[in-house]
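Residue numbers (the numbering used here): 125 to 360.
We treat Cβ as the ideally placed atom computed from N, Cα and C, and that holds for glycine.
Owing to the predicted nature of the structure, the values given are computational and were not obtained by experimental measurement.
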Amino acid sequence: MKKVFITGASRGIGNAIAKSLLEENYTVIGTATTSEGVEQLIEEGILGYKLELDDLERINTSWEKIPNEHLDIDILINNAGFTRDNLILRMSEDEWSDVMNVHLNAIFRITKRLLKPMLKKRWGRIINLSSTSAVLGNKGQANYAAAKAGIEAFSRSLASEVGSRGITVNAVAPGFIKTDMTESNSGVVEEELIKQIPLGRFGESAEIAHLVNFLCSEESSYITGQTIHINGGLYM
């Protein structure tokens with residue numbers, strides 16, 4: 125039974141991925157940033173741990189509470205993320221650095237910690253969640269778009285480093301997906317966004333989970349260094 129480690133597993137896309145993999149009989153270790161999130165994961169049958177990603181010291185402190193046997197993993201899914209939107213001229217240093225820390229710096233720090241077991245096994249899957257914002261840009265999201273573009277570049281570079289050990293590294297870039305974040309949009313805003321999507325609807329978290337499931341499997345063993353877009357045609 126393969127072990128999966130997924131960050132940001134208590135909400136939205138991350139939770140859909142975690143539950144989907146659990147149904148496929150993976151052992152799933154999921155992280156959340158709150159105690160309530162951890163309790164929810166445990167209730168769902170996921171091995172839940174609190175992991176704060178916003179700076180190195182917090183990661184180090186959180187990491188010590190995760191048992192070593194849960195760090196010998198086969199599959200890493202770097203999913204955790206959030207937004208702190210603002211126009212460039214109004215964006216604070218904290219709004220920039222907080223998004224970079226959680227999205228980009230944390231991926232480097234966590235991947236570095238969990239890569240060695242994969243190298244020893246000569247098998248592994250690393251899947252990093254990106255966004256169409258990385259290629260389209262988005263007004264008020266320079267921090268988020270830059271971080272996601274960095275994730276895609278990081279994925280390609282790492283793929284070239286570890287491919288000879290049977291480890292694949294890919295990024296998944298969702299478009300507009302129905303989550304608790306998008307549900308806060310007004311009906312008018314959602315209607316305008318849907319007009320930009322050829323398929324005429326927002327995606328479902330389960331659809332992202334299906335793609336990630338495939339990338340975790342043996343059937344995806346010749347796919348690496350790719351950014352796979354799943355956005356209903358928003359970006360082609």
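Using DSSP bridges, identify the partner residues of residue i.
i: Phe129; result: Ile153, Leu200
i: Tyr173; result: Thr155
i: Ile301; result: Gly327
i: Asn252; result: Asn202, Ala295
i: Thr351; result: Ala295
Looking at C-alpha atoms only, which residue of the options is the closest neighbour of residue i?
i: Pro322; options: Tyr359, Glu331, Ser341, Gln350; result: Tyr359
i: Glu167; options: Asp178, Glu181, Val152, Asp179; result: Val152
i: Leu238; options: Leu260, Ile190, Ala269, Arg208; result: Ile190
i: Val162; options: Tyr150, Ser186, Glu148, Asn149; result: Ser186
i: Leu146; options: Thr157, Gly169, Ser134; result: Gly169
i: Thr157; options: Tyr150, Leu180, Ile301, Ala204; result: Ala204
i: Gly327; options: Glu342, Val286, Glu219, Gly357; result: Gly357
i: Leu228; options: Leu243, Phe206, Lys245, Met215; result: Phe206
i: Val259; options: Pro298, Ser344, Val293; result: Pro298
Between the C-alpha atoms of residue i and residue j, what's the straight-line distance to the nearest angstrom?
i: Ile201; j: Lys319; result: 31 Å
i: Gly172; j: Pro241; result: 20 Å
i: Ser329; j: Trp247; result: 27 Å
i: His194; j: Gln265; result: 35 Å
i: Glu217; j: Glu188; result: 29 Å
i: Ile291; j: Ser279; result: 12 Å
i: Leu177; j: Val128; result: 18 Å
i: Ile130; j: Glu316; result: 33 Å
i: Gly138; j: Leu165; result: 11 Å
i: Ala133; j: Ser159; result: 13 Å
i: Glu314; j: Glu342; result: 37 Å
i: Leu282; j: Ile347; result: 13 Å
i: Gly289; j: Ile197; result: Looking at the sequence shown, residue 289 is not Gly but Arg. Cα to Cα, the separation comes out at about 15 Å.
i: Trp220; j: Ala273; result: 14 Å
Counting only the same chain and skipping the five closest in sequence on each side, list residues whose C-beta sits under 8 Å from that of residue i.
i: Val296; result: Ile251, Asn252, Leu253, Ser254, Ile332, Leu335, Val336, Leu339, Thr351, Ile352, Ile354
i: Lys263; result: Leu211
i: Tyr150; result: Met125, Lys126, Lys127, Val128, Ile199, Cys340
i: Ile183; result: Leu175, Glu176, Leu177, Ala230, Arg233, Ile234
i: Gly324; result: Ile318, Gly356
i: Ser144; result: Ala330, Ala333, His334, Val336, Asn337
Go through its chain and collect everything with a Cβ distance to residue i's Cβ below 7 Å, but skip five positions before and after it.
i: Gly261; result: Ala269
i: Asp179; result: Asn225
Cβ of residue i within 8 Å of any heavy atom in the ligand FMN?
i: Ile251; result: This structure lacks the ligand FMN; in fact it carries no ligand of any kind.
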